[in-house]
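Note sheet for the following structure.
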Amino acid sequence: MADAPPPLAACALRLGDDALILGQRLSEWCGHAPAIEIDLSLANVALDQIGQAAHFLGLAGEIEGKGRDADKLAFHRDVMDFANCLLVEQPNGDFAQTVARQFLFSHYQELLYAALAESKDARFAAIAAKALKEVKYHATLASDWVVRLGDGAEESRARMIAGLDWMWRFADELFAADEIDAALGLDKAALRSAWDARIDAVLADATLERPAAHRPVLGGRTGRHSEHLGHLLSEMQFLQRAYPGAAW
Amino acid sequence: MSDASKEWPLWEVFVRGKGGLSHRHVGSVHAADAKMAVEHARDTYTRRMEGVSLWVVPSAQITASDPGDAAALFEPAEDKIYRHPTFYSIPDHIKHI
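Protein chains in written order, with our numbering: chain C, 1 to 248; chain V, 1 to 97.
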């Protein structure tokens, strides 16, 4: 692992990596979604996330001051240097599993950006305020699908339950705060009750139970990732690894 | 895609480009209900700042004129040019006519 970056750069990295990895994951649906309308809808969310990643990673490079830009950070770091949460790197699975991941993450991201938009650091606040509108829509979209699938047919319901069950153990990590988050004055733990209320309201609408409590899985923020991330990176970083600095 | 009856119904999409303009037909989307149709229309047709408002209408609710009646319906208007608003000038500052 490289030298520890300044705390604010690490904050920006976490935010950027979450968005980047989720955007890359979602883009895997391109051309494979159950309907062309869903294909476009997932691609839109993916592009929003990648746009946010570009801003946050750009900021991380700027604060770090070692001449790394967003592309350099996205394409020339290894698995253990990524600081994204484990939730966003989880495989797409079927559509319900993808919806489950988006549902848990988008509500967290919306609450986080809303808090960040009030941050004393104007650079973070500006990016968050702009992205908040996008993320609000993602949360609505994902919630609608949770209700449709959960309160839908027998098969869609079974798949929604299985999807939530897969993703649930990664939810605690979203709110696990450390001294790096404190550098930005972020109190992630304080977002938890609002998140719980939102998730429970949608699950009730979807006639679904909360998944059984799992032992929480942590480690993404400090570079201890699941095996899924390496495969994702090998695809995402291939071009810049094979042809460093290639541009078009 | 094999069983047509299992597909979502079709919705016609109308977009208002900006305040003051009418909603204009831009295409169609498949969706299970009106709420999903608005989301699909948003994601399909307003990705490049095309609009400020959306309408979706079930395609099945549209009644079209019969192409066989086209002659009776439309051709009588052809030789009545006095009905066209071309005989007076429009002030420059009036837009969207």
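Every residue, glycine too, gets a C-beta built ideally from N, C-alpha and C.
| Query | Result |
| --- | --- |
| Looking at the unbroken alpha helix (DSSP H) that takes in P7/C, where does it start and where does it end? | P7 to S27 |
| Who are the near neighbours of L232/C in its chain, counting only those whose CB is closer than 8 Å to its CB and skipping five residues on each side? | I21, Q24, R25 and E89 |
| Does the segment 43-59 of chain C come into contact with the segment 68-77 of chain C, if we say contact requires no fewer than three beta-carbon pairs (one atom in each stretch) closer than 8 Å? | yes |
| I want to know whether the segment 170-190 of chain C touches the segment 3-20 of chain C - three or more CB-CB distances under 8 Å. | yes |
| Take every Cβ of the segment 155-167 of chain C, pair it with every Cβ of the segment 85-101 of chain C, and state whether three or more of those distances are shorter than 8 Å. | yes |
| Reducing DSSP to helix, strand and coil, say where G27/V ends up. | strand |
| What residues match up with W11/V in a beta bridge as DSSP calls it? | V29/V and P58/V |
| Using a C-beta to C-beta distance shorter than 8 Å, which residues of chain V count as neighbours of D144/C? | K35, M36 and E39 |
| Name the chain V residues whose beta carbon is nearer than 8 Å to that of S84/C? | Per the sequence shown, residue 84/C should be read as Asn rather than Ser. Those do not exist, as N84/C stays about 25 Å from chain V at its closest Cβ, beyond 8 Å. |
| Per DSSP, what are the beta-bridge partners of R16/V in this structure? | H23/V and S53/V |
| Using CA coordinates, which residue listed in E235/C, A12/C and E173/C is at the minimum distance from R215/C? | E173/C |
| Under 8 Å, do V52/V and K18/V count as touching if we go by C-beta distance? | yes |
| Taking the C-alpha atoms as reference points, what is the distance between A201/C and Y137/C? | 17 Å |
| For L251/C, which residues in the same chain have their Cβ closer than 7 Å to its Cβ, ignoring the five residues on either side in sequence? | With chain C covering only 1 through 248, there is no way to say anything about residue 251/C. |
| State buried or exposed for I90/V, treating a residue as buried only when at least 16 other CB atoms are found within 10 Å of its CB. | exposed |
| Using 8 Å as the cut-off, can you tell me whether the segment 106-118 of chain C makes contact with the segment 127-146 of chain C, which would need three or more C-beta pairs spanning the two stretches below that distance? | yes |
| How many angstroms separate the CA atom of R47/V from the CA atom of L47/C? | 11 Å |
| Counting only beta-carbon separations shorter than 8 Å, does S41/C have a partner in chain V? | yes |
| Grab me the residues of F14/V's own chain with a C-beta within less than 8 Å of its C-beta, minus the 5 sequence neighbours each way, in chain order. | H23, R24, H25, V26, L54, W55, V56 and V57 |
| Applying a beta-carbon distance threshold of less than 8 Å, which residues of chain C neighbour V29/V? | E37 |
| Kindly indicate the opening and closing residues of the alpha helix (DSSP H) around T44/V. | A34 to Y45 |
| For the segment 151-190 of chain C, which segments carrying the beta strand (DSSP E) assignment without a break, of at least 3 residues, lie completely within its bounds, in sequence order? | none |
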